[in-house]
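Numbering (this note's numbering), first residue to last: 176 to 497.
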């Protein structure tokens, strides 16, 4: 690339106006070319010129064609590697304040790609600090960026799980349903990333905040909560999830039972064999209270030679479960 004619530092300023071309295929190929120059020939171009390209690419995040948005997001990763994450990140974080949803979503994906390219610790402090801005779009954008970030970095999240736990705790108890929905998506990707990395204490803490949301009525929120619970069940083990589900399987209210049975059935399909040790020990036979208890918690009535325990309906219900 050093022997190109014209040279890279002359070619890039000529490509920048072409990014505004109205023909979509021209735009897309120009973005890809700029990304390749950023990947292979970054030292030959000044940082000021790269920042100019960065601002031009921001406008392309709201393009109608999805392939253009995808190419722009990928190019942001190359730019971040070329000039450092701090400058690109400042531009992207300011873009979270715009009103257009498509632009904000593409910005969050670009932030996640910058984190994946330049290591998460270059992005997370600024991203978490931005969450303090008391504006709904910005906070939702930060949570969305965290969701993509943990999806991309995978098991590297084990180094950051304790840092983001207080932020996720705040988001999971927010009154806004969209906040809780996005936070559940973050928890799900985080749990899948840190599975088998000894982060159970943080995940249990997050599970305690996710669990009250199982009674949400919005389909989008409910899907996010179910996804989070499945991911936490995979990370913590189905036996621990069973301890939470047993509280509601036999609840007097049908609306509560239906929610817990749906979650139980999902857990049963995913890991039936691992649930067996988690089932409670209940004695056989028709159950009836008695004064004499033995070590198993059951009662023996000598006159009839049978075993009794205090809840007559529970055995049939558990037979149905088993």
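Virtual Cβ for every residue (Gly too), placed ideally from N, Cα, C.
Would DSSP call residue 405 helix, strand or coil?
-> Mapped onto the chain shown, residue 405 falls at position 230. Secondary structure of residue 405 (DSSP, three-state): helix.
Leaving out the 5 sequence neighbours to the left and right, which residues in its chain are closer than 7 angstroms to residue 480 when beta-carbon positions are compared?
-> Taking the chain shown and counting its residues from 1, one reaches residue 480 at position 305. Note that residue 480 scores a pLDDT of 45, beneath 50, so its modelled location is shaky and nothing firm can be said.
Entirely within the region 282 to 310 and at least 4 residues each: give me those alpha helix (DSSP H) ranges in chain order.
-> Those alpha helix (DSSP H) runs which fall completely within the region 282 to 310 and span 4+ residues are 299 to 305.
Kindly list the residues whose CB is nearer than 7 angstroms to the CB of residue 342, restricted to its own chain and excluding five residues on each side of it in sequence; keep chain order.
-> Your numbering for residue 342 matches position 167 in the chain shown. Residues 303, 306 of the same chain have their beta carbon placed closer than 7 angstroms to that of residue 342, with the five preceding and five following residues left out of the count.
Look up residue 207 in the DSSP assignment and say whether it is helix, strand or coil.
-> Here residue 207 refers to the residue found at position 32 of the chain shown. Three-state DSSP puts residue 207 in a helix.
Between residue 180 and chain D, is there a C-beta pair that is closer than 8 angstroms?
-> No chain D is part of this structure, which consists of one protein chain only.
Excluding the five sequence neighbours on either side, which residues of its own chain have a C-beta within less than 6 angstroms of the C-beta of residue 332, listed in chain order?
-> Reading the chain shown from its first residue, position 157 is the one you call residue 332. Sequence-distant Cβ neighbours of residue 332 in its own chain, meaning closer than 6 angstroms and more than five residues away, are 325, 365, 368, 369.
By the 10 Å Cβ neighbour count, where 16 or more other Cβ atoms means buried, how is residue 195 classified, buried or exposed?
-> Residue numbering aside, residue 195 sits at position 20 when the chain shown is read from its first letter. Exposed.
Excluding sequence positions up to five away, which residues of its chain have a Cβ less than 8 angstroms from the Cβ of residue 205?
-> On the chain shown, residue 205 is found 30 positions in, with the first residue counted as 1. Closer than 8 angstroms at Cβ, skipping near neighbours: 190, 193, 194, 196.
Residue from 181, 286, 439 with nearest C-alpha to residue 271 = The residue you call residue 271 lines up with position 96 of the chain shown. Cα-wise, what sits closest to residue 271 is 286.
Can you tell me the Cα-Cα spacing of residue 323 and residue 456, whole angstroms?
-> Locating residue 323 in the chain shown gives position 148, where the first residue counts as 1. Locating residue 456 in the chain shown gives position 281, where the first residue counts as 1. Taking the straight line from one Cα to the other gives about 43 angstroms.
Residue of 312, 233, 356 minimising C-alpha distance to residue 395 = Taking the chain shown and counting its residues from 1, the one referred to as residue 395 is at position 220. The shortest Cα separation from residue 395 among 312, 233, 356 belongs to 356.
Assuming residue 453 and residue 418 form a contact by the criterion Cβ under 8 angstroms, report the distance between their Cβ atoms to the nearest whole angstrom.
-> Locating residue 453 in the chain shown gives position 278, where the first residue counts as 1. Locating residue 418 in the chain shown gives position 243, where the first residue counts as 1. Between residue 453 and residue 418 the beta-carbon gap is near 7 angstroms, inside 8 angstroms, which marks them as a contact.
If I'm right that residue 253 touches residue 214 with Cβ under 8 angstroms, what's the distance once you round it to whole angstroms?
-> Here the question's residue 253 lines up with position 78 in the chain shown. Here the question's residue 214 lines up with position 39 in the chain shown. In this structure, residue 253 and residue 214 form a Cβ contact; the two beta carbons are roughly 5 angstroms apart against a cut-off of 8 angstroms.
Unbroken alpha helix (DSSP H) runs of length 4 or more, entirely within the region 359 to 446: which are they?
-> Listed in chain order, the complete alpha helix (DSSP H) runs (minimum 4 residues) inside the region 359 to 446 are 375 to 385, 394 to 411, 413 to 424, 429 to 445.
In chain order, which alpha helix (DSSP H) runs of at least 4 residues are fully inside the region 205 to 239?
-> Entirely contained in the region 205 to 239, the alpha helix (DSSP H) runs reaching 4 residues are, in chain order, 222 to 235.
Starting from residue 249, follow the alpha helix (DSSP H) in both directions and report where the run begins and ends.
-> The sequence position of residue 249 within the chain shown is 74, counting from 1. Note, residue 249: alpha helix (DSSP H), 241 to 258.
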